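Q: Which chain is which? The protein sequence lines are A and B, in order. Take any residue in the first sequence, count from 1 to its spot, add 4: that is its number in our numbering. Take any residue in the second sequence, count from 1 to its spot, add 316: that is its number in our numbering.
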Amino acid sequence: SQKIEQNSEALNIQEGKTATLTCNYTNYSPAYLQWYRQDPGRGPVFLLLIRENEKEKRKERLKVTFDTTLKQSLFHITASQPADSATYLCVNNDMRFGAGTRLTVKP
Amino acid sequence: DAEITQSPRHKITETGRQVTLACHQTWNHNNMFWYRQDLGHGLRLIHYSYGVQDTNKGEVSDGYSVSRSNTEDLPLTLESAASSQTSVYFCASSESSDRGHNEQFFGPGTRLTVL
Numbered sequence: 005s006q007k008i009e010q011n012s013e014a015l016n017i018q019e020g021k022t023a024t025l026t027c028n029y030t031n032y033s034p035a036y037l038q039w040y041r042q043d044p045g046r047g048p049v050f051l052l053l054i055r056e057n058e059k060e061k062r063k064e065r066l067k068v069t070f071d072t073t074l075k076q077s078l079f080h081i082t083a084s085q086p087a088d089s090a091t092y093l094c095v096n097n098d099m100r101f102g103a104g105t106r107l108t109v110k111p
Numbered sequence: 317d318a319e320i321t322q323s324p325r326h327k328i329t330e331t332g333r334q335v336t337l338a339c340h341q342t343w344n345h346n347n348m349f350w351y352r353q354d355l356g357h358g359l360r361l362i363h364y365s366y367g368v369q370d371t372n373k374g375e376v377s378d379g380y381s382v383s384r385s386n387t388e389d390l391p392l393t394l395e396s397a398a399s400s401q402t403s404v405y406f407c408a409s410s411e412s413s414d415r416g417h418n419e420q421f422f423g424p425g426t427r428l429t430v431l
């Protein structure tokens, strides 16, 4: 079965910088990947979905890429703000989640 | 506004007891899911349903059961609670799609402690 790996447990960046989070998958390419945001004590909230045949998707300050050669999706937050501090989760079309990356944006 | 709710929000029980966690959605979604979330493991799928009378096992289904008698509800039952089932449980729902799963809407979670 496929594994979804988010290698960075935590990422700290300065306000205004671009945050880049990584999601790697094993074996076959998933039909799509989704990214969610989770705040402490709350359920995840959907952000973006990118399909296997799409290279890039954007939504406001968010951008996600899908590289089938590297078996990787990158999630970018540009002009980051302290309010972007949260845990970000990657999940494949079989509902396998990565462990998440906790992002902290410092003012 | 449509929503997805879980009850109770917190539950403490003893080993060996039967426990049922409720999940209710007013989105009219066909798909419903139960996950558990533990430190270091992220979210893991327990059971899911694609419609009334349909249930399927997920990655970590042992010791859990679900039933789907209507569109709105998918209760999760722990037949005989074990300490290893101490966790935070999330319910989610999504629309059906011929292109696979759509975005999932998650409930607020239930924190279960088994002593």
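Backbone N, C-alpha and C fix where the C-beta goes; we use that ideal spot for every residue, glycine too. These numbers were taken from a predicted model, which means no experiment stands behind them.
Near T321/B, which residues of its chain fall below 7 Å by C-beta distance, leaving aside the five closest residues on each side in sequence?
A: Along the second sequence, read from residue 1 onward, the residue named residue 321/B stands at position 5. Excluding residues within five positions, the ones whose Cβ falls inside 7 Å are H340, G423.
Q: A15/A touches chain B at which residues, Cβ-Cβ below 9 Å?
A: Here the question's residue 15/A lines up with position 11 in the first sequence. It is worth fixing the name first, because residue 15/A is Leu in this sequence and not Ala. Simply none; closest approach about 16 Å.
Q: Is the separation between the beta-carbon of S33/A and that of E19/A shorter than 8 Å?
A: As a working note, residue 33/A is residue 29 in the first sequence. As a working note, residue 19/A is residue 15 in the first sequence. Going by C-beta atoms, S33/A is not nearer than 8 Å to E19/A.
Q: In whole angstroms, what is the alpha-carbon distance linking T426/B and L78/A?
A: Counting from one through the second sequence, the residue named residue 426/B turns up at place 110. Counting from one through the first sequence, the residue named residue 78/A turns up at place 74. Cα to Cα, T426/B sits roughly 31 Å from L78/A.
Q: When Cβ atoms are compared, which residues of the region 88-105 of chain A fall closer than 8 Å to chain B?
A: The residues in question are L93, V95, N97, M99, R100, F101, G102, A103, G104.
Q: How would you label N96/A, buried or exposed, when you count the other beta carbons within 10 angstroms and need 16 or more for buried?
A: For the purposes of this step, residue 96/A is taken as residue 92 along the first sequence, with counting starting at 1. Per the 10 Å Cβ criterion, buried.
Q: Would a C-beta distance cut-off of 8 Å place L394/B and V382/B closer than the cut-off?
A: Translated into the one-based positions of the second sequence, residue 394/B becomes position 78. Translated into the one-based positions of the second sequence, residue 382/B becomes position 66. Their beta carbons are not under 8 Å apart, which means L394/B does not touch V382/B by this criterion.
Q: Within the same chain, show all residues whose beta-carbon is closer than 7 Å to that of E419/B, passing over the 5 residues directly before and after it, in chain order.
A: Numbered from its first residue, the second sequence carries residue 419/B at position 103. Result list for E419/B: S410, in chain order.
Q: With a threshold of 8 Å, are at least 3 pairs of Cβ atoms found where one atom belongs to the region 8-25 of chain A and the other to the region 86-105 of chain A?
A: Because the criterion of three Cβ pairs below 8 Å is met, the region 8-25 of chain A and the region 86-105 of chain A touch.
Q: Pull up the DSSP beta-bridge partners for A23/A, would you.
A: Translated into positions along the first sequence, residue 23/A becomes position 19. A23/A pairs with I81/A.
Q: What whole-angstrom Cβ distance do V368/B and S385/B have, given they're in contact under 8 Å?
A: As a first step, residue 368/B must be located in the second sequence, where it is residue number 52. As a first step, residue 385/B must be located in the second sequence, where it is residue number 69. Right, their Cβ atoms sit about 7 Å apart.
Q: Between which two residues does the beta strand (DSSP E) carrying Y32/A extend?
A: Counted from its first residue, the first sequence places residue 32/A at position 28. Y32/A -> no beta strand (DSSP E), and no H or E assigned at all.
Q: Assuming contact is defined by CB atoms lying nearer than 8 Å, are L107/A and L15/A in contact in what I supplied?
A: Here residue 107/A refers to the residue found at position 103 of the first sequence. Here residue 15/A refers to the residue found at position 11 of the first sequence. Cβ distance < 8 Å, so L107/A and L15/A count as in contact.
Q: Quick check: I54/A and F70/A, are their CB atoms within less than 8 Å of each other?
A: As a working mapping, residue 54/A is identified with position 50 in the first sequence. As a working mapping, residue 70/A is identified with position 66 in the first sequence. A contact, by the Cβ cut-off of 8 Å.
Q: To which residues does DSSP link Q369/B through a beta bridge?
A: Numbered from its first residue, the second sequence carries residue 369/B at position 53. Answer is none; Q369/B lacks a bridge partner.
Q: For a quick check, are the C-beta atoms of S84/A and K21/A less than 8 Å apart?
A: In the first sequence, the residue the question calls residue 84/A occupies position 80. In the first sequence, the residue the question calls residue 21/A occupies position 17. In contact: S84/A and K21/A (Cβ atoms closer than 8 Å).
Q: Would you say T402/B and L428/B are within 8 Å of each other, going by their C-beta atoms?
A: Working through the second sequence from its first residue, we reach residue 402/B at position 86. Working through the second sequence from its first residue, we reach residue 428/B at position 112. Contact: yes.
Q: Measuring only between beta-carbons, confirm whether Q38/A sits less than 8 Å from chain B.
A: Within the first sequence, residue 38/A is the residue found at index 34, counting from 1. Yes, Q38/A counts as interfacial toward chain B.
Q: Within the region 43-71 of chain A, note down every full beta strand (DSSP E) run reaching 3 residues or more, in order along the chain.
A: For the region 43-71 of chain A, whole beta strand (DSSP E) runs of length 3 or above, ordered along the chain, are 49-55, 60-63, 66-71.
Q: State the beta-bridge partners of I362/B as determined by DSSP.
A: Here the question's residue 362/B lines up with position 46 in the second sequence. Bridge partners of I362/B: none, in fact.
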